[in-house]
Amino acid sequence: MTDNILEIESLESGYGEVQILWGINLHVQKSKLTTVIGSNGSGKTTLMKAIMGTLPTWNGKIIFEGIDISRLPPYKRAEQGLIMVPEGRLLFHDMSVYENLEMGAFTKRARAHLKKNLEFVFSLFPRLKERLDQKAGTMSGGERQMVAIGRGLMGSPKLLIFDEPSLGLAPKLVLEVFEAIEKLKKEGVTMLLVEQNVHLSLAISDYGYVMAEGKIKIEGEARDLKENDEVKKTYLGI
Ligand SMILES: Nc1ncnc2c1ncn2[C@@H]1O[C@H](COP(=O)(O)OP(=O)(O)OP(=O)(O)O)[C@@H](O)[C@H]1O
Ligand SMILES: [Mg+2]
Numbered sequence: 028m029t030d031n032i033l034e035i036e037s038l039e040s041g042y043g044e045v046q047i048l049w050g051i052n053l054h055v056q057k058s059k060l061t062t063v064i065g066s067n068g069s070g071k072t073t074l075m076k077a078i079m080g081t082l083p084t085w086n087g088k089i090i091f092e093g094i095d096i097s098r099l100p101p102y103k104r105a106e107q108g109l110i111m112v113p114e115g116r117l118l119f120h121d122m123s124v125y126e127n128l129e130m131g132a133f134t135k136r137a138r139a140h141l142k143k144n145l146e147f148v149f150s151l152f153p154r155l156k157e158r159l160d161q162k163a164g165t166m167s168g169g170e171r172q173m174v175a176i177g178r179g180l181m182g183s184p185k186l187l188i189f190d191e192p193s194l195g196l197a198p199k200l201v202l203e204v205f206e207a208i209e210k211l212k213k214e215g216v217t218m219l220l221v222e223q224n225v226h227l228s229l230a231i232s233d234y235g236y237v238m239a240e241g242k243i244k245i246e247g248e249a250r251d252l253k254e255n256d257e258v259k260k261t262y263l264g265i
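Its first residue numbered 28, the sequence shown is counted upward by one per residue in the numbering used here.
Next up, the structure:
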């Protein structure tokens with residue numbers, strides 16, 4: 028019996044005729060924070076799209092809770108509990124914080140847990156409760172990111188996926204986002220995190236993968252990756 032919620036085997040995918048992912052093997056353990064790091068263009072976002080189902084699986088398997096989901100459309104994967112945190116700038120700016128959160132509960136399973144999930148979001152981010160009627164577009168950059176994470180949580184995720192949640196944020200806000208992810212980790216939320224901020228992401232993660240040219244080059248416990256010479260030289264600048 029494995030406690031992997033997600034197991035990716037020999038995954039190949041790409042855009043049109045162009046192959047980007049070349050046989051990815053990756054697993055995510057329940058209640059753990061797993062990170063994928065790698066330079067620009069190494070294929071991280073492409074991998075997340077293949078997992079979410081917005082890009083087709085050409086070859087290989089994506090096993091979620093023991094079931095091969097690689098042929099399922101995105102909404103069915105979401106229904107199974109595979110949820111991506113939207114980018115903060117992609118919130119509905121003219122809608123209130125509450126309405127944005129509510130939209131996160133778009134699956135049947137999530138709607139059934141709407142009240143409980145809302146309470147969970149408020150317990151993590153009390154400020155959102157005070158700002159429920161405020162238009163999302165008038166929230167600060169950091170607050171918007173909390174709304175985005177909150178919206179992801181409203182989807183009742185069994186696995187919550189982040190693609191560069193700290194991108195474009197000022198250093199103080201970057202720290203706030205990482206603190207929020209750490210809080211989720213303490214609550215036992217299973218997460219897959221793509222980040223360019225290798226230093227911070229390895230500091231809070233349990234396990235990590237290093238991608239280059241559409242392949243996994245290195246994997247291991249986050250604490251070991253931090254000490255890995257190649258990771259240090261290429262991604263940590265030390
Ligand atoms: N829609 C697309 N059509 C064709 N090629 C694409 C498309 N999107 C991305 N690519 C290519 O796929 C490769 C991997 O891109 P991807 O966005 O997955 O990288 P990434 O690791 O997420 O990079 P970044 O750190 O900059 O976000 C790149 O060579 C990119 O140019
Ligand atoms: Mg990307």
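For glycine and all other residues, C-beta sits at the position ideal for the given N, C-alpha and C. Please read all numbers here as calculations on a predicted model, not as lab measurements.
Measure the C-alpha to C-alpha separation of GLY195 and ASN67 and round it to an integer number of angstroms.
Position 168 of the sequence shown holds residue 195. Position 40 of the sequence shown holds residue 67. Taking the straight line joining both Cα atoms gives about 14 Å.
Since ALA163 contacts SER228 with CB under 8 Å, what's their CB separation in whole angstroms?
Here residue 163 refers to the residue found at position 136 of the sequence shown. Here residue 228 refers to the residue found at position 201 of the sequence shown. Not a contact, Cβ separation roughly 26 Å.
Same chain, Cβ closer than 6 Å to ASN31, neighbours up to 5 away in sequence not counted:
The residue given as residue 31 occupies position 4 in the sequence shown. Closer than 6 Å at Cβ, skipping near neighbours: HIS54 and GLN56.
Is PHE189 helix, strand or coil by DSSP?
Indexing the sequence shown from 1 puts residue 189 at position 162. Looking at PHE189 - three-state DSSP - the assignment turns out to be strand.
Using a 10 Å radius around the Cβ and a threshold of 16 neighbouring Cβ atoms, would you call PRO184 buried or exposed?
Position 157 of the sequence shown holds residue 184. With 16 or more other Cβ atoms within 10 Å, it is buried.
Give the list of continuous alpha helix (DSSP H) stretches no shorter than 4 residues that lie fully inside the segment 145-222.
153-157, 168-180 and 198-213
Under the three-state DSSP convention, the category ILE265 falls into
Residue 265 sits at position 238 when you count from the first residue of the sequence shown. Note: ILE265 maps to coil in three-state DSSP.
Looking at LYS162 and ligand 2, is the gap between the Cβ and the nearest heavy atom below 6 Å?
Start at 1 with the first residue of the sequence shown, and residue 162 comes out as number 135. No, since every heavy atom of ligand 2 falls outside the 6 Å radius drawn around the Cβ of LYS162.
Does DSSP put MET122 in a helix, a strand or coil?
For the purposes of this step, residue 122 is taken as residue 95 along the sequence shown, with counting starting at 1. In this structure, MET122 counts as coil in the three-state DSSP scheme.
Own chain partners of LYS142 with C-beta closer than 6 Å, once the 5 adjacent residues on each side are dropped:
Against the sequence shown, residue 142 aligns to sequence position 115. Taken in chain order, the list of residues that qualify is empty.
Considering only the beta carbon of each residue, do LEU48 and SER58 sit closer than 7 Å?
Here residue 48 refers to the residue found at position 21 when the sequence shown is read from its first residue. Here residue 58 refers to the residue found at position 31 when the sequence shown is read from its first residue. Going by C-beta atoms, LEU48 is not nearer than 7 Å to SER58.
Looking at C-beta atoms only, is the number of pairs between the segment 106-115 and the segment 178-192 that lie closer than 8 Å three or more?
yes
Please return the same chain residues whose Cβ sits closer than 6 Å to the Cβ of GLY131, not counting the five positions on each side in sequence.
On the sequence shown, position 104 is the one that residue 131 refers to. Closer than 6 Å at Cβ, skipping near neighbours: ARG178, MET181 and GLY182.
Can you have a look at TYR234 and say buried or exposed, based on whether 16 or more other CB atoms are within 10 angstroms of its CB?
The sequence position of residue 234 within the sequence shown is 207, counting from 1. Classification of TYR234: buried, given that the 10 Å Cβ count is 16 or more.
State the beta-bridge partners of TRP49 as determined by DSSP.
Numbered from its first residue, the sequence shown carries residue 49 at position 22. Looking at the DSSP assignment, TRP49 forms a beta bridge with GLU39.
For my contact list, PRO192 and VAL204 are in at a C-beta cut-off of 8 Å; report their separation, rounded to the angstrom.
Counting from 1 along the sequence shown, the entry for residue 192 is found at position 165. Counting from 1 along the sequence shown, the entry for residue 204 is found at position 177. Contact flag correct, Cβ pair sits at about 5 Å.
Under 7 Å, CB to nearest heavy atom of ligand 2: contacting residues:
LYS71, THR72, ASP190, GLU191 and VAL221
How about LEU82 and MET218: are their beta carbons less than 7 Å apart?
Reading the sequence shown from its first residue, position 55 is the one you call residue 82. Reading the sequence shown from its first residue, position 191 is the one you call residue 218. Against a cut-off of 7 Å, the Cβ pair of MET218 and LEU82 comes out as no contact.
Going by beta carbon distance, what residues of the same chain come within less than 7 Å of LYS269, once the five residues before and after it are set aside?
Outside the displayed range of the chain (28 to 265) lies residue 269, so it cannot be described from this structure.
Which same chain residues, not among the five before or five after VAL201, have their C-beta less than 6 Å away from its C-beta?
Indexing the sequence shown from 1 puts residue 201 at position 174. Around VAL201: SER193.
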